[in-house]
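To start, the structure under review is shown below, and the notes come after it.
Residue numbers (the UniProt record's numbering): 1 to 277.
Quick look at the structure:
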């Protein structure tokens, strides 16, 4: 399964989403964010993932403007902060994000966490933005099956994307099956399990065998399972690693071996801390 950085899959509404994106969550230094995102775009990345809570939308907007790339070739994901739920708050937060990013529309706008209360009104605001053409696709992050069912009961448009923690230590078989049944595209955040995967001898051996980095193997596992990925970066070197990763295929026996690492290991925040039905 070879793929370029502009290649991708198609969401249930016909919108193209790249297989590989760049998550900007791990960089706090404004100069590093702007320089890193610009370097990524120049290297071929077309999908950039940010959120109001990352506090870097302005710097990413500067990088987008400096890149000179046609807006239609970029796929920009932005996320609603957990403190901005509710109909009016959501519309205001979206407009603020769009202004900082310097774009006329956002490709994928997501609810970052399934927080308590006002979820129905928050989603109604997202549907308004979608119907106006200000957003090309709607998504959620860190939603479990019950969270998705709740939002689907109170919506006219179901989520197009669910961005979740997904890696060989947490393969989320049942949630992914539910999403596929409902034409919700799963997207992988935290594909390295916050570095815990790199302590797994099985993965290290596979990486050595193929002369790849452990990070490249982890990402390739997700991609070959049909899941777009948005790995975070902390250096320009990591951006280049992801590009090199796109040009090879993991043999089926290695895919199976990595599958058996699953132990439902959660390395990110717990959804239950944010949501209560």
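Glycine included, each C-beta is placed from N, C-alpha and C at the ideal position. In this text, all values refer to a predicted model and were calculated from it rather than measured experimentally.
Apart from the 5 residues on each side of it in sequence, residue 203 sits with its Cβ closer than 8 Å to the Cβ of 168, 197, 214, 217, 218, 258, 261 in its chain, given in chain order.
A contact between stretches requires three or more CB pairs, one per stretch, nearer than 8 Å, and the region 86–98 fails this requirement with the region 169–182.
Pairwise C-beta distances place the region 50–63 in contact with the region 13–31, as three or more of them are shorter than 8 Å. Every unbroken stretch of the alpha helix (DSSP H) spanning 4 or more residues and falling wholly within the region 19–94 is given here in chain order: 30–43, 57–67.
Fewer than three Cβ pairs drawn from the region 113–125 and the region 17–26 lie within less than 8 Å of each other, which leaves the two stretches out of contact.
The alpha carbon of residue 145 has as its nearest neighbour, out of 180, 71, 193, the alpha carbon of 180. Within the region 128–192, the complete beta strand (DSSP E) segments at least 3 residues long are 135–141, 161–165, 185–189, listed from N- to C-terminus. In this structure, residue 71 sits near residue 103, with a CB-CB distance shorter than 8 Å. Residue 184 and residue 62 have their C-alpha atoms some 32 Å from each other. For the pair residue 164 and residue 141, the Cα-to-Cα distance works out to about 6 Å. A distance of 8 Å or more separates the beta carbons of residue 151 and residue 106. Per DSSP, residue 205 is one residue of the alpha helix (DSSP H) stretching across 201–210. For residue 107, the uninterrupted beta strand (DSSP E) segment begins and ends at 106–111. According to the DSSP assignment, residue 10 belongs to the beta strand (DSSP E) that extends over 8–10. For residue 115, there is no enclosing alpha helix (DSSP H), since its DSSP letter is neither H nor E.
Looking at 92, 263, 188, the one whose alpha-carbon comes closest to that of residue 20 is 188.
Pairing residue 224 with residue 158, the inter-Cα distance amounts to about 25 Å.
In chain order, 138, 157 place their CB closer than 7 Å to the CB of residue 130, counting only its own chain and leaving out the 5 sequence neighbours on each side. For the pair residue 154 and residue 123, the CB atoms are nearer than the 8 Å cut-off. Taking C-alpha positions only, residue 199 is separated from residue 208 by approximately 14 Å. DSSP lists 23 as the bridge partner or partners of residue 232.
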